[in-house]
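Below: the structure, in structure tokens.
There are 2 protein chains.
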Amino acid sequence: MRAEIIAVGTELLLGQIVNTNAQYLSRGLAELGIDVYYQTVVGDNKERLMHAIGIARGRADLLVFTGGLGPTLDDLTRDALAEYLGRGIELHEPSMDKIMKMFAGRGGAFIESNRRQALLIEGATPLRNDTGLAVGNALSADGTHYLLLPGPPREMKPMFDNDGSAWLKERLGQSFALHSVMLKFAGIGESGLEDLLIDLIREQQDPTIAPYAKEGEVAIRVSTKATDAEEAARKLEGTLNAIRGRTSAYLYAEEDLTLEATVVRELTRRQLTLTLAESCTGGLVSELITTIPGSAVVYLGGIVTYSNAMKMRQLGVPEALLEGLDAPGAISAETAVAMAEGMRAVADSDFALSITGNAGPAAAEEKPVGLVYVGLAERGRETRVEKLQLSGDREGIRLRAAKRALYMLWQSLMGQG
Amino acid sequence: MRAEIIAVGTELLLGQIVNTNAQYLSRGLAELGIDVYYQTVVGDNKERLMHAIGIARGRADLLVFTGGLGPTLDDLTRDALAEYLGRGIELHEPSMDKIMKMFAGRGGAFIESNRRQALLIEGATPLRNDTGLAVGNALSADGTHYLLLPGPPREMKPMFDNDGSAWLKERLGQSFALHSVMLKFAGIGESGLEDLLIDLIREQQDPTIAPYAKEGEVAIRVSTKATDAEEAARKLEGTLNAIRGRTSAYLYAEEDLTLEATVVRELTRRQLTLTLAESCTGGLVSELITTIPGSAVVYLGGIVTYSNAMKMRQLGVPEALLEGLDAPGAISAETAVAMAEGMRAVADSDFALSITGNAGPAAAEEKPVGLVYVGLAERGRETRVEKLQLSGDREGIRLRAAKRALYMLWQSLMGQG
């Protein structure tokens, strides 16, 4: 079954609200094994809404509407579809009773326009609204299915999850749901990963392989349709193994987990502690780590040394490294090592990560924007340091440097570093 | 001019990401006086993309695409539009040079697929990408305008705001543009602010007053249409003065500036320095401050003390405050004061902010989730402390605590604290 989601509301076209409903419905339909080929947003205008219905009917078997079922004159979805299909509108008595009871309970006078929320297109199945007043509509006509849901997410979501899904499952008969595994990577970019997997991506059919990047991390979703989890696992196994074999140095999770969450989990599992000495990232790594509930067990704390004085005083970085004509300077491998070792010594942690560099926008110490050194001091091992030349704006460089530092720690934890 | 926004990406149809780009573009186009009649989402599929182009062309004069300009084989927007228009594709040398330089700077081998990011549809104007590699495309053909923007919001937004808007303004010719002033508030919530301004909001006509909240800050946009800045200023003045008069304790900027940027600017102006001692915010305030270019002039650094040992060792918080049956504990006004004073003493800064509290998800020290103390130590003044009971999830509490600390500093800088 092919679906199109039609979100109705001028507020969406004006950018006053984000269309989170489309995401929710897309995900829900995917889980039912229904492909969404298009999403459309149209305003509260009957003519344009009917135009959108006509186009969607030509390219989908299922039209899922959200919005336009409320009491005001702007709420036109039901009227537009009824007119398009040449059907009448009828009152759904139980919904009307519910509305009247609500007004009676509130002690307010009944507002006539609310009657509109109890209307059904002729022949439609009513969908219960447990969190609001507008009744949903589900109907089929000439081989096309229509689902009309309210706009407010707190009404739309339960209606879709309950009556809406149940109605769709009846139409689907034996269903094949989409099963997928999310693979998360660090230490490699989107295009680098694609190069490693190019033949698998080109030749994909079933399972499908969908790469995507977000906020400094790279992910791949491997998906297949199956009747149950066991069949899905069998169908996914070959592709997953092929990807695992090529990407083991970068593949840090087989679920939708951030790199910082993975690092916290691995430290916790091993009962090891971490501290951070940050310069150019300004506390970003610390901030990422401490977003994870329970991080206090393994993360002792960190020092953000934005000035040379702080580097010397708090971390014991020798003045000779920082100042003087021949000194390597704050942005150097030597300083990264001294920061990491100083931090580890000060807090007696098992690991200490250090980051120093130039996140821009201007050159510092005559060193280019994007030059970053990451140090990792580890109890009982020699301190390592990595030199990076990162691209992007200040925010991007900081984020990439932070993720790279976490990747270095992850590698060490996995015995690869 | 009527526009349609076409967001391209299978991840949108699978519900993996929310289409925030459509909102951003809708708002931006509205500000240029361009009506958006439809938004469409289509997957990474050339045939369906060309179908969507055909439909949009029939109902809009301007098609704004976002997504599908990247390096991978899935990135098809440019190819699909070129094929639809029967035009060739050419290499944009400056973009190619930039890509090659980026790879050379990184010291990595050039990955051939990145060449795709430097391609232009024949006859298109290149749009600069300051935050990424893919060049944007702007072109007109047979009375229809096309704008091709990248998918990642951090690339799309500046490209639209800069080259994209400039190109559109040329096409629009002289018109009544929307002029607006952004007012930014801290220390007050969205509904609190609305209460202060309720009559102005209810009676608004021209100028319009649009409140909105984002990421722990509250803003109001006051807008009017005018032919030039002078006329706009005259039309906006009365409304602005009315708002200023009621909100001066909270109004920290009359432009779209973050609170941290304002604080850095005010510290710089007064040549004063800042340090931070963070516990529950885990480096978030430090991270916010250091996102601002030039913050190194006033921000010396900070210490994230996630463990009691770090609080004692690094900040000199007395053990008697932290441990023992009768101790006030880490989450207390006394500890917030000791942290701020300890931090200021250690670094000899003019100001030191401290934050300690419970961001959740579970109670700590038998203290409720959301209980946070913020301390402010200032050279030559008594240390102040503020007790907050914040609501929301872990992320929300941390962000609100961070903004509240910055607000406390801003108040002090403005002589109001």
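The listed protein sequences derive, respectively, from chains R and A.
Heads up: the first sequence is residues 1 to 417, going by UniProt numbering.
Heads up: the second sequence is residues 1 to 417, going by UniProt numbering.
Using N, Cα and C, we set each Cβ at its ideal position, and we do this for glycine too.
Taking DSSP's pairing of strands, which residues face residue i in a bridge?
i                      : result
Asn137 of chain R      : R:Pro126, R:Leu148
Val8 of chain A        : A:Val42
Ile355 of chain R      : R:Glu278, R:Val374
Ser180 of chain R      : R:Ser223
Phe65 of chain R       : R:Ile6, R:Leu148
Asp35 of chain A       : A:Arg2
Gln389 of chain A      : A:Leu371
Tyr212 of chain R      : R:Ala219
residue 437 of chain R : Missing from the structure shown is residue 437 of chain R; chain R here goes from 1 to 417 and no further.
Thr305 of chain A      : R:Gly301
Leu399 of chain R      : Per DSSP, none; premise fails for Leu399 of chain R.
Ala229 of chain A      : Looking at the DSSP assignment, Ala229 of chain A forms no beta bridge with any residue, so it has no partner.
In this structure, how does DSSP classify residue i when only helix, strand and coil are distinguished?
i                      : result
Phe185 of chain R      : strand
Arg59 of chain R       : coil
Leu196 of chain A      : helix
Ile220 of chain A      : strand
Leu317 of chain R      : Reading off the sequence shown, one finds Val at residue 317 of chain R, where the question assumed Leu. Of the three classes helix, strand and coil, the one that applies to Val317 of chain R here is coil, per DSSP.
Tyr252 of chain R      : strand
Val18 of chain R       : coil
Thr72 of chain R       : coil
Leu257 of chain R      : coil
Gly108 of chain A      : coil
Tyr299 of chain A      : strand
Leu120 of chain R      : strand
Thr131 of chain A      : coil
Arg87 of chain A       : coil
Arg384 of chain A      : strand
Ala333 of chain R      : helix
Ile362 of chain A      : One detail in the question is off: residue 362 of chain A reads as Ala in this sequence, not Ile. Residue state, collapsed to three classes: coil.
Gly324 of chain R      : coil
Arg344 of chain R      : helix
Pro207 of chain A      : coil
Met414 of chain R      : coil
Asp161 of chain A      : helix
residue 441 of chain A : Shown here, chain A extends from 1 to 417; a query on residue 441 of chain A therefore has no answer.
Answer yes or no: the CB of residue i versus the heavy atoms of the ligand GDP, is any distance below 7 Å?
i                : result
Thr40 of chain A : In the structure on display, the ligand GDP does not appear, and there are no ligands present to speak of.
Can you tell which of the options has its C-alpha closest to the C-alpha of residue i?
i                      : options                                : result
Arg246 of chain R      : R:Leu200, R:Pro126, R:Leu119           : R:Leu200
Val135 of chain A      : A:Lys184, A:Met100, A:Ala261, A:Leu69  : A:Leu69
Thr66 of chain R       : R:Asn137, R:Asp130, R:Arg48            : R:Asn137
Tyr24 of chain R       : R:Glu334, R:Gly15, R:Arg154            : R:Arg154
Glu366 of chain A      : A:Glu190, A:Val18, A:Thr10, A:Gly329   : A:Gly329
Leu399 of chain A      : A:Met414, A:Gly360, A:Arg381           : A:Gly360
Val263 of chain A      : A:Gly282, A:Lys403, A:Val304           : A:Lys403
Pro211 of chain R      : R:Leu147, R:Ile243, R:Val42, R:Ile331  : R:Ile243
Glu194 of chain R      : R:Tyr84, R:Leu12, R:Ile220             : R:Ile220
residue 473 of chain A : A:Gln411, A:Ser391, A:Ala345, A:Gly392 : Since the first residue of chain A shown is 1 and the last is 417, residue 473 of chain A is not available in this structure.
Gly396 of chain A      : A:Lys184, A:Ala109, A:Met414, A:Val369 : A:Val369
Leu81 of chain R       : R:Asn162, R:Ala141, R:Glu203, R:Arg313 : R:Ala141
Asn21 of chain R       : R:Leu325, R:Val64, R:Glu170, R:Ser286  : R:Val64
Arg87 of chain R       : R:Ala177, R:Glu122, R:Asn162, R:Met96  : R:Glu122
Met414 of chain A      : A:Leu390, A:Ala249, A:Met310, A:Asn162 : A:Ala249
Please report the Cβ distance between residue i and residue j, rounded to the nearest whole angstrom; I am assuming they are in contact, meaning their Cβ atoms lie under 8 Å.
i                      : j                 : result
Leu376 of chain A      : Leu259 of chain A : That belief does not hold up - the Cβ atoms of Leu376 of chain A and Leu259 of chain A are roughly 15 Å apart, past 8 Å.
Ala352 of chain A      : Ala340 of chain A : 5 Å
residue 419 of chain R : Val374 of chain R : Not covered by the structure: residue 419 of chain R. The range shown for chain R is 1 to 417.
Leu73 of chain A       : His92 of chain A  : Wrong, their Cβ atoms sit about 20 Å apart, outside the cutoff.
Ile355 of chain R      : Thr239 of chain R : No, Ile355 of chain R and Thr239 of chain R are not in contact; Cβ-Cβ is about 36 Å, not under 8 Å.
Taking only beta-carbon positions, decide if residue i is within less than 8 Å of chain D.
i                 : result
Glu194 of chain R : Protein chains R and A are contained in the structure displayed, whereas chain D is not.
Selection of the region 258-290 of chain R by Cβ proximity to chain A, strictly under 9 Å
Thr273, Thr275, Leu276, Glu278, Ser279, Cys280, Thr281, Gly282, Gly283, Leu284, Val285, Ser286, Glu287, Leu288, Ile289, Thr290
Proximal residues, the region 6-23 of chain A versus chain R, C-beta separation under 9 Å
Ala7, Gly9, Thr10, Glu11, Leu12, Leu13, Leu14, Gly15, Gln16, Ile17, Val18, Asn19, Thr20, Ala22, Gln23
Residues of the region 295-328 of chain A with Cβ closer than 9 Å to any Cβ of chain R, in chain order
Ser295, Ala296, Tyr299, Leu300, Gly301, Gly302, Ile303, Val304, Thr305, Tyr306, Ser307, Ala309, Met310, Lys311, Arg313, Gln314
Using a beta-carbon distance cut-off of less than 9 Å, what residues from the region 36-67 of chain R approach chain A?
Val36, Tyr37, Tyr38, Gln39, Thr40, Val41, Val42, Gly43, Asn45, Arg48, His51, Ala52, Ile55, Arg59
Check each residue of the region 354-373 of chain A: if its Cβ is closer than 7 Å to any Cβ of chain R, include it; give the result in chain order.
Pro361
What residues in the region 128-150 of chain R have a beta carbon less than 8 Å from any beta carbon of chain A?
none
Between the region 376-397 of chain R and chain A, which residues of the former have CB atoms less than 7 Å from a CB of the latter, in chain order?
Gln389, Ser391, Gly392, Asp393, Arg394, Glu395, Gly396
Using a Cβ cut-off of 9 Å, which residues of the region 327-347 of chain A contact any Cβ in chain R, in chain order?
Val346, Ala347
Which residues, taken in chain order from the region 76-102 of chain A, show a beta carbon closer than 7 Å to some beta carbon of chain R?
Met102
Going along the region 231-251 of chain A in order, which residues come within less than 8 Å of chain R, judged by CB to CB distance?
none
Tell me which residues of the region 103-114 of chain A have at least one Cβ-Cβ distance to chain R shorter than 8 Å, keeping chain order.
Gly105, Arg106, Gly107, Ile111, Ser113, Asn114
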